[in-house]
Structures are given as C-alpha cells and as structure tokens.
Amino acid sequence: MRYLLAVLALAALATLPMVFGDYGTGMLVGLAGYVTLATSWAMFSGPTRYISLATVAFFGVGAYTVAVLNEVLPYPLVLLAAAGIGATMALLVGLSTLRLAGIYFVIFSFGLAELVRQLITWFEVNVTGTLGRYIFLDLEAKHIFWQLLALGAATLALSAWIRRSRLGLALRVIGDDETVAAHSGINLARTKLVLFVASATIITLVGAIQAPRWVYVEPSIVFNPTVSFLTVIMALLGGATRLWGPLCGAVPLFLLFEWLSARFPDHFSILLGLMFMAVVYALPDGVLAALEKFRSKGNGNSATKPAKEANA
Amino acid sequence: MFLSTLFLGLVLGGTYALLALGLSLQYGIARIMNLAYGEFMLLACFAVTMMFTSWGLGPLWGLLIVVPLGYALGWIIHTVMMRPLIKRSGGGGRLEVDTILATFGLLFVVQGLMLVTFGSDFTSYSYLNQGIGILGTTIAANRLIAFVVSLVIGFGLYAMLIRTRWGRALRAVSLAPDSAYLVGIDVGKLGRQGFALGGALAAAGGALVSMFQTFSATDGVVFTMKALIVVIMGGVGNILGALIAGLLLGLAETFVAAFIDPGLTMAATYTMFLAVLLWRPTGLFGKAGG
Amino acid sequence: MSQNTRRAVLRALPLAMVSALALSAPLAAQEDPVTIGYAVSKSGPNATGAGITTIPNYELWVKEVNEAGGLEMPDGSRRPIEVVEYDDRSSAEDLVRAIERLATQDKVDLILPPWGTGGNLAIAPLMDRFGYPQLAVTSVTDMAPEFAKRWDRSFWMLGGGHDYATALVETLAAAKEAGTINDKVAMISVADGFGIDLVKAARPAFEEAGFELVYDESYPLGTSDFAAILNEVQGSGADSFVAFSYPPGSFGVTKQAMTAGFNPKVFYIGVGGAFPVYGKITEGKQEGVMSIGGVDAMSPAIEEYFAKHTSVIGNPPDSWASAITYASLEMLEEAVKRVGLDHEALAGELSTGSFDTVIGEVKLEDNQLRKLWWVGQWQGEHFVAVSPADREGAAAPVIPKPEW
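Residue numbers (UniProt numbering), protein chains in the order written: chain A, 1 to 312; chain B, 1 to 290; chain C, 1 to 404.
Following this line, the structure appears as structure tokens:
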C-alpha cells in the first residue's frame with residue numbers, strides 16, 4: 001500500500017512540468033536538485049555529525065565529467081562514468097580522511113573542493129589546453145527534472161532503507177558516542193566509508209545531470225562554493241538526522257531564495273545572512289523538531305509523534 | 001636566486017601569518033570559528049582607505065584607530081550573538097556547528113552591507129609602494145612593514161600569553177575550558193576578551209593588507225580561507241604555530257612558483273594543508289597552547 | 001507539511017525585510033510601459049565585473065530613455081521602460097532560471113544579457129527558444145561565428161581571444177621591425193577560460209612574428225602575490241612583458257612591477273587595465289601601459305558618453321566593454337524605433353541595419369561586431385586605442401613606455 005502511494009506520488013510529480021510551463025519547470029529542476037543534494041548530504045553527515053563542505057567537489061566533478069565526455073560517449077554511459085569517478089574519488093578521500101573529526105573535517109572538506117578545482121584547472125591548462133568546455137546535449141528542463149526526480153526518489157528510498165538496516169543502527173550509535181560504538185563491535189571506519197561513498201556518488205550524479213542546463217562549463221562555474229553552503233543550511237534547517245528533514249529544509253529555503261532574489265535583487269546577501277541567523281537562533285534543531293515541539297505543546301502527546309515522523 | 005626566493009617567501013608568509021593570528025585567538029580561546037573573519041578584515045581595509053583618501057591619515061596611523069574599533073566590534077558581537085549560543089550549548093560540540101552557521105550568516109550580512117555601501121568596484125590606494133633592495137631582490141616598503149609588524153604582533157602576543165597573568169588565564173581557557181573555572185578563572189569573560197582581541201588583530205591585519213593589495217567588497221572569503229588554512233595547520237589557538245605555518249605556506253607558494261610552475265601554487269597550498277591534516281590532525285604544533 | 005514549513009520559515013524572517021520593502025516599491029504605473037528584464041550578478045564573485053561594466057550602463061540608458069519620455073515606437077509614440085531585474089548570485093543555474101522566469105512568467109518585452117562569457121552562453125539556448133534577440137556584449141569567445149550560426153538571434157559583440165592576442169603581436173612586431181624592442185617576450189596568463197584563449201592564440205602568433213618566448217607560465221585565478229613570478233621575468237632579458245591577466249591580478253602585477261622597478265619597454269596587462277581605478281593603482285603613473293580595448297578619446301560622442309556616465313553613475317566607465325555595452329543599448333533603442341518590439345523583426349534589423357552609436361557607426365557582420373579596438377594604451381588622461389593601427393581614431397603606440 002505504502003509503495004503504491006509512493007509510486008502514485010512520483011507519477012504525479014513527474015507530470016508537473018506539463019502543468020507549470022517553463023519557469024515552473026526550471027524551479028522544479030532547482031528544487032529536485034537541492035532536495036537530492038541535501039538528502040544525500042544528510043545520509044552521511046546526519047548520523048555521523050560530520051559537517052562536509054565537499055559537496056561542490058563532487059557536484060563539480062560530475063558536471064565536468066559530462067562536459068568532457070558528452071561528445072564521445074552516449075549519455076547514459078556518461079552518467080555511469082560520472083558515478084564511477086565520483087565513487088572512486090570518494091573512496092580515496094574517505095579512506096584517507098574519515099579519521100578527522102569536528103572542525104578539522106569541516107575545513108578539510110572545504111579544502112578538498114578547492115584542491116580538486118585547482119587540479120582540474122591545472123590539468124586543463126597544461127595538458128588539454130582548453131579550459132572552457134561546451135555541452136550541447138538535447139536535454140530540456142523537463143528531462144533534467146525527471147532524471148533528478150528519479151535520483152531524488154532513489155536517494156530517499158536508500159536513506160529509508162539504511163535507517164532500518166543494521167547499518168542505520170550502527171550509525172545511530174556512532175552519532176551518539178563513537179567510543180561506545182567501537183566497543184560494541186561496530187566497524188567505525190567501514191560504516192562511515194560506505195555512507196560517504198554512497199552520498200558522494202549521488203552528489204556527483206546531481207552535478208552530472210544538471211550540467212547540460214549551463215551549456216558552458218569551466219571550473220569557476222561548477223565549483224561554486226555556494227552549492228556546498230546552501231546544501232548544509234538546507235539540511236540543517238529541516239533537520240539532518242531525519243529522513244524527510246533535508247527535504248523540509250530544501251523546499252522552503254529554495255522558494256524563499258527565489259522570492260528574495262526577485263523581490264530584493266540588491267539586498268540578497270543581507271537577507272540570506274539574516275535568514276541563516278534566524279535558523280540558528282530560532283530553529284536550532286531544524287524545522288521538523290520545532291514543529292513537533294509546537295504540536296506536542298498543543299495536544300500533549302509528544303511520545304508518539306517523533307516515532308511516526310521518523311518512519312513516515 | 002635561492003636567497004631572494006627565500007626572502008620573498010618569508011615576506012608573503014608574514015602576510016599569511018598576519019591574516020591568521022586573530023582567527024587563531026578567536027577559535028583557540030573563545031572556541032568560536034568565526035567565518036565572518038575576512039569580512040572584518042575588509043571593514044578595516046575600507047575604513048583605513050577612507051581615512052587615507054579623505055583625511056590624508058596614513059594607514060599606520062589609521063591602525064591606531066581601527067584596532068580599538070576591532071576590539072569593540074569583537075566584544076559586541078561576542079556579547080550579542082555568541083553568548084546566547086554558548087549558554088544554549090552548555091559547552092558541547094553543538095557550539096561549534098552553531099557558531100559556524102551564525103558567523104556564516106554574519107558573513108553574508110556584512111558582505112551585503114559593504115556591497116550596498118561601497119559598491120562592488122575594486123578599491124586601492126598607494127602608500128609606501130617604493131621598492132627596497134634586500135638580498136638581491138626588491139621588496140615593497142609596505143609589504144616589508146606588514147611583515148615586520150606581523151612578526152612583532154606574533155611574538156608580542158606569544159610573550160604576553162606566556163608571561164602575563166592575563167595571558168596565562170587566556171591560555172588556561174584555551175587548554176582546559178572545562179576546568180579553568182576551578183582555579184578561579186571567569187571563562188565567559190576571558191572567552192569574550194579573547195574573541196575581542198581576535199577582532200582587534202583582524203582589524204590590524206586588514207589595515208596592513210590594504211596597503212599593498214587591491215580589494216573589493218566580495219573578497220572577505222578569500223582572506224578567511226587563507227587564515228583558516230594557516231590556523232588549522234599551525235594548531236588551533238597556537239599563536240607561534242600560526243606564525244610558523246604562515247611562513248611555511250608563503251615559502252611553499254614562492255618556491256613552487258619559482259622552481260616548479262606558478263600554475264600549481266594554489267594546488268600546492270591545499271596539498272600541503274591536506275597533508276598536514278592527515279599526518280597530524282591537530283596541526284603541526286599539537287594541541288592548543290601558547 | 002511543506003505548507004507548514006514554509007510558514008514557519010516566513011515567521012522567522014527578519015524584520016529588516018519590511019524596511020527593504022519600501023525600496024522596491026514599483027514605479028507609479030504609467031501607461032503601457034515596455035518591460036525590459038535582466039538577470040545580472042549583484043552578489044557573488046561576478047558582482048565586481050557586472051558592477052563595473054554592465055549594471056551602470058543599463059541604469060544609465062534606462063534613465064536617459066525614460067527622461068526623454070520613453071522608448072520611441074515606429075509610430076512615433078513613446079512608451080516608458082519598466083525594468084524587471086533579478087540577482088543571479090553568480091550561479092549559472094540561478095541565471096538560467098531567471099531567464100525562464102523573465103520570458104515565461106514576467107513575459108517581458110526585451111531581455112538584456114548578463115555579464116560574462118559563461119553567463120551569455122548559458123542563456124543562449126533559452127533566448128533562442130523563447131525567440132528573444134540576445135546582444136551578448138561582455139562575452140569574449142573565439143567560437144562566436146559558430147554561436148551566431150547556432151542561435152540566429154544572438155549577437156556577439158566583443159570578439160574572441162584570438163583577435164586580441166594577434167593584434168597585440170602585430171603591434172609588438174611593428175615595434176620590433178622599427179628596432180625599438182628586442183625579440184624576447186615574457187608572458188604570463190591567468191588560468192581561466194579567458195587567459196587560456198588568449199595565450200593559446202598568442203603563442204603561435206609570437207613565434208610566427210619571430211619573437212622568442214623567454215618566459216611563459218600560467219598562474220591560478222586568485223593569485224595576489226606576483227613577487228616570485230616578476231623576479232624571474234625581470235631576469236629574462238625580455239623587452240616586452242605581456243600578462244593575460246584578470247583583476248585583481250592585473251593590479252597586483254602592476255603594483256609589484258612598480259615596486260620592483262621593473263620597467264620593460266612594453267608593459268601589457270589584461271582585463272582591468274582599462275578600468276578607471278587603474279590610475280589610482282599606479283598613482284597616476286599609468287602612462288604607456290597597454291591593455292585590452294581602448295576608445296577613440298578624440299571622438300566627441302565618446303567624450304560626451306564619459307561625461308554623462310561620470311555625472312549619473314558617479315565614476316567614469318571603463319574604456320573597453322562599457323562603451324560597447326552602451327552602444328548595444330543604443331542599437332536596441334534605434335531598432336525598436338525602426339521596427340517595433342516584434343522579436344523577429346527586431347533581430348533582423350539588428351542583424352542587417354546600421355546604427356549610429358557612441359562608438360561610431362555600427363553594422364554587424366554575421367551577427368558579430370568586428371569593428372573593435374583590440375589594443376589600447378594609457379596616453380595622458382585617456383586609455384586610447386592603438387590597434388588596429390589603420391582604423392580612423394587610432395593613436396600611435398608609445399614604445400618604449402616611460403619608466404614608472
């Protein structure tokens with residue numbers, strides 16, 4: 001029954017481009033992109049509490065792979081290659097860095113994004129001699145939306161599955177206390193690594209799927225750090241430890257930003273900053289937690305609600 | 001060739017160290033990762049530039065004005081913005097995430113305000129840009145001054161932390177925030193002072209950097225990033241470490257540019273940074289301290 | 001759920017927004033305005049470039065047209081311009097969406113292009129699909145001829161890297177023939193699309209003209225310290241120093257050269273050299289510095305344009321793409337006057353008509369502006385054009401450059 005509902009909901013979402021027209025479809029692309037990014041980010045960062053700013057490193061690699069390969073390989077193979085490259089990179093990075101913690105991991109992940117960008121630039125300049133690349137693929141916004149929708153749904157499904165599996169249990173223990181987790185026989189390193197690779201592969205794919213929208217690609221365009229920052233704030237706003245949290249953060253924030261940039265084109269930065277602060281001060285545990293608190297105050301049955309949310 | 005490269009690298013490194021000292025203090029003592037750090041440097045850049053171009057007040061005199069202002073601004077931000085977060089977190093790892101997000105918001109607000117006030121154009125003025133010949137190379141007088149000042153500030157701070165009572169109390173907070181209160185230290189107050197002192201250093205850094213670098217309202221992130229790298233490499237809260245890490249970074253960039261390929265300077269920076277992190281996750285100079 | 005969430009966020013919105021509302025109150029509705037939309041970078045890394053070249057000219061032009069009573073239509077009536085502007089936050093995805101919004105949601109009459117090569121390419125397929133003419137000004141690309149064919153309502157008005165690089169080589173070759181400079185060139189380039197385009201064209205051109213490249217390296221975007229690089233260049237024995245640079249790097253190189261007392265006979269920098277701020281960077285010693293672009297400083301139209309830009313915007317325009325941006329708007333204005341707002345007719349008129357603008361008479365060739373100034377030089381108060389040398393209004397280059 002639940003699966004049927006999910007399929008129906010997906011089908012309904014997939015028809016939206018027909019209803020909304022071009023601008024609406026553009027919005028859907030952005031929405032689906034950020035929902036997927038935030039959800040996959042939270043897949044790793046939520047339970048482990050590692051704040052990763054490396055999102056754009058993988059996102060950019062995905063976009064760049066498409067830019068490099070779009071003329072030599074058929075499109076599905078290009079996506080496959082992007083996923084492969086993203087996974088390999090995540091595996092290498094994960095193997096070497098997941099023992100870092102706290103602020104060190106935050107800064108490391110940011111540095112990683114910059115390093116990747118610098119290396120690609122250097123390689124293009126010195127080896128291939130072309131820096132800007134063109135993507136002429138016959139993909140319209142709605143095609144991109146459908147792909148992102150499928151990827152987003154798969155990401156949510158994967159997240160839901162992980163939460164119920166042994167892996168999810170292990171993760172919750174890690175998030176609560178690494179020492180306890182280690183003592184109860186959980187292989188910390190491997191668990192973290194698996195999640196990191198899965199999350200990074202999805203992020204790479206998001207970049208790969210979105211790239212044809214931009215036609216022209218160069219490192220300063222695809223390695224735009226704002227992507228990393230927005231992903232983090234969206235996931236945290238919704239609540240990174242919940243299945244639907246990132247989605248509930250990404251959708252309203254995205255719409256809000258869209259509205260802000262149109263209504264106040266000169267003051268976007270200021271309003272964005274104030275928004276961030278509002279999240280930190282007013283909604284410290286994310287929107288979902290705040291809603292629950294609000295509701296439990298209202299009807300006094302706080303015990304059942306969180307469980308329901310988590311499984312929803 | 002080697003000597004002149006060495007010298008150029010040291011001077012560049014001095015600038016990096018200067019960028020990082022304030023951030024190192026703020027994170028080391030107040031436990032607040034201030035991502036809006038570069039924006040505060042930029043505020044000082046703009047302030048000094050305005051004083052110089054409209055009043056003819058040299059940046060070195062401007063320093064005397066912006067440094068106290070930086071202290072005051074740091075103090076205010078800590079009191080208004082950070083204290084509620086510290087209270088809420090009760091000293092856990094929670095604080096780290098909260099302050100990162102809050103200062104990240106602050107970054108955008110300050111950047112937006114600067115864009116509205118000063119516009120997006122490049123800003124620059126010229127002050128003591130004459131070359132001085134040293135060791136077979138020529139170096140701008142303003143860069144040399146910045147280098148010397150950063151060494152003076154760095155070692156001065158170090159001496160202060162080691163020698164004075166206040167400095168020892170600050171170090172105690174930095175080393176053992178949970179138990180410092182046991183020996184009668186007001187952790188909250190010293191944290192605030194450490195943060196404000198970091199603000200003063202940011203202002204000093206901004207004022208000095210503005211003498212030789214063209215800047216625009218959106219450049220703050222660049223400063224913050226360089227500072228972060230140096231701070232993390234040197235070991236959080238470690239003033240001497242930040243100084244040495246800054247110098248090392250400058251040397252690395254200059255030597256790569258001179259002997260390998262200028263195209264790889266940034267890559268070299270990040271590689272070095274990542275390597276240090278992997279090899280010694282707490283930075284080159286271990287745990288926090290003087 | 002999402003409805004609730006949104007409300008929760010909106011509730012948390014800062015009060016500041018209320019005060020900001022006052023700023024964006026729409027102009028008092030006039031009769032039947034022409035809506036013109038644009039999405040440019042008002043925040044993020046591209047804000048600097050857009051803020052120097054693109055936005056001031058849009059604002060200047062709109063103000064002038066509206067003060068004159070509005071855009072003139074073929075029937076002689078005038079309709080005021082109403083602007084719809086968005087901030088693309090320097091992100092290609094946001095830019096693309098903003099164009100979709102302008103075209104299908106706001107249904108604006110005309111769309112002005114964003115700043116930058118990447119931005120113009122990102123929106124080109126959309127502009128084509130929605131049928132809007134695109135006057136891509138701040139876009140330097142060697143593929144312009146192909147793009148003009150691919151999207152037949154796109155117009156490319158700033159040439160390609162190849163043009164700038166070969167013109168520079170020609171200018172230097174003439175000086176070498178005259179015996180003023182030796183055959184050694186030291187060249188650095190910024191590692192981004194722009195720098196690479198230029199350096200790729202310059203390398204073979206220099207060799208063909210009999211120059212020897214004694215130093216040829218690229219440096220990463222964001223480099224602020226050029227001491228090590230210039231140290232080596234200084235020892236290379238080259239009379240000509242060429243930097244295909246980007247601001248603020250162009251300024252960093254200049255300052256470092258001044259400090260180090262590096263006085264090559266030819267000192268060339270990339271983007272930024274033609275900016276008004278350059279005089280401040282050099283403390284007024286910019287005489288003889290060469291860079292991209294240039295204007296015919298003797299032309300009364302340019303003089304008048306500089307004067308009104310200075311009085312309306314508060315500072316003079318840059319001497320490269322600003323005048324061309326303004327000229328593209330004049331073309332649009334004139335084309336609307338001739339054929340109205342129909343996109344097809346407008347595109348046809350822009351493509352085939354000839355227009356009287358601040359940069360002289362403009363007639364596009366295969367949808368591209370080819371009558372451009374490729375190399376300019378600071379001479380006195382002005383950044384004057386020196387190449388192509390045979391075009392009317394060109395000044396003779398001053399080589400060797402006087403010492404700093």
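For each residue, glycine too, the CB sits at the ideal point set by N, CA and C.
Please state whether DSSP places A/Trp244 in a helix, a strand or coil.
coil
Name the chain A residues whose beta carbon is nearer than 7 Å to that of B/Gly235?
Within chain A, no residue comes near B/Gly235; the closest Cβ sits about 11 Å away, beyond 7 Å.
If you follow the beta strand (DSSP E) that C/Glu361 is in, where does it begin and where does it stop?
Gly360 to Lys363
In chain order, what residues of the same chain lie with their CB nearer than 7 Å to the CB of A/Thr201, ignoring the 5 residues before and after it?
The answer, listed in chain order, is Ala83, Gly86, Ala87 and Ala90.
If you drop the 5 nearest sequence neighbours on each side, which residues of the same chain put their C-beta closer than 8 Å to that of C/Lys337?
Leu71, Glu72, Met73 and Pro74
Taking the CB atoms as reference points, tell me whether A/Ala113 and A/Val56 lie closer together than 9 Å.
yes
Is there at least one Cβ from chain C nearer than 9 Å to A/Gly86's Cβ?
No, A/Gly86 lies away from the interface with chain C (no Cβ there is under 9 Å from its Cβ).
Quick one: which chain C residues come within Cβ less than 8 Å of A/Val215?
Leu121, Ala122, Ala124 and Pro125
Just reading off the beta strand (DSSP E) that C/Glu85 is part of, what are its end residues?
Ile81 to Asp87
Under a Cβ-count criterion, where at least 16 other Cβ atoms within 10 Å of its own Cβ denotes burial, should A/Lys293 be classed as buried or exposed?
exposed
Looking at B/Met225 and the ligand NAP, is the gap between the Cβ and the nearest heavy atom below 8 Å?
In terms of ligand content, the structure shown is empty, and the ligand NAP therefore cannot be addressed.
With DSSP as the reference, label C/Lys184 as helix, strand or coil.
strand
State the CB to CB distance for the pair C/Leu328 and C/Val137, rounded to an integer number of angstroms; the pair is presumed to be in contact (CB under 8 Å).
Residue 328 of chain C is actually Ser in this sequence, not Leu. Rounded, the Cβ-Cβ distance is 5 Å, consistent with contact.
Is B/Arg168 close to chain A, meaning its C-beta is less than 9 Å from at least one C-beta of that chain?
no
Looking only at its own chain, which residues have a Cβ that is under 6 Å from the Cβ of B/Arg163, when we skip the five neighbours before and after it?
The answer is none, since no qualifying residue turns up.
Name, in chain order, the residues that DSSP records as bridge partners for A/Val217.
A/Arg133
Output yes if chain C places a C-beta closer than 9 Å to the C-beta of A/Thr226; else output no.
True, the Cβ-Cβ gap to chain C drops below 9 Å.
In angstroms with no decimal places, state the Cα-to-Cα distance between B/Thr282 and B/Phe195.
21 Å
Thinking C-beta only, is B/Phe285 closer than 9 Å to B/Leu240?
Taking the C-beta atoms as reference points, B/Phe285 is found nearer than 9 Å to B/Leu240.
Closer than 8 Å between beta carbons: that is the criterion. Which residues of the stretch 123-146 of chain A meet it against chain B?
Val125 and Asn126
By DSSP, does A/Leu167 sit in helix, in strand, or in coil?
A/Leu167: helix per DSSP, three-state reduction.
Identify which residue in B/Met114, B/Leu60 and B/Leu69 has its Cα closest to the Cα of A/Ile270.
B/Met114
Please state whether DSSP places A/Leu139 in a helix, a strand or coil.
Note: A/Leu139 maps to coil in three-state DSSP.
Cβ atoms of C/Val253 and C/Ser245: under 9 Å apart, would you say?
yes
From this set, C/Thr180, C/Asn182 and C/Leu221, which residue's C-alpha is nearest residue 410 of chain C's C-alpha?
Nothing in the structure corresponds to residue 410 of chain C, since chain C is present only between 1 and 404.
Looking at C/Phe241: is its Cβ nearer than 9 Å to the Cβ of C/Gly272?
no
At 3 residues or longer, what runs of the beta strand (DSSP E) sit wholly inside the stretch 141-200 of chain C?
154-156 and 184-190
Can you check the stretch 222-297 of chain C for any beta strand (DSSP E) of at least 3 residues that lies completely inside it and give the ranges in chain order?
Runs found: 240-244, 266-269 and 290-292.
Report the CB separation of B/Gly105 from A/Leu274 in whole angstroms; it is logged as a contact under 8 Å.
The C-beta distance from B/Gly105 to A/Leu274 rounds to 7 Å, short enough to fall under 8 Å.
Out of C/Leu60, C/Val312 and C/Leu172, state which residue places its alpha-carbon closest to the alpha-carbon of C/Pro388.
C/Leu172
Give the single residue among A/Leu80, A/Thr179 and A/Val29 whose Cα lies nearest to the Cα of A/Trp214.
A/Val29
Buried or exposed: B/Ile132, going by 16 or more other Cβ atoms within 10 Å of its Cβ?
exposed
Whether or not the stretch 183-196 of chain C and the stretch 124-139 of chain A are in contact is what I'm after, with contact meaning three or more pairs of Cβ atoms, one per stretch, closer than 8 Å; do they touch?
yes
CA-CA distance, A/Leu151 and A/Ala11?
14 Å
Of all the CB atoms in chain B, is at least one closer than 9 Å to the CB of A/Thr97?
Yes, its Cβ sits closer than 9 Å to a Cβ of chain B.
Around the C-beta of C/Glu100, are 16 or more other C-beta atoms found within 10 angstroms, so that it is buried, or is it exposed?
buried
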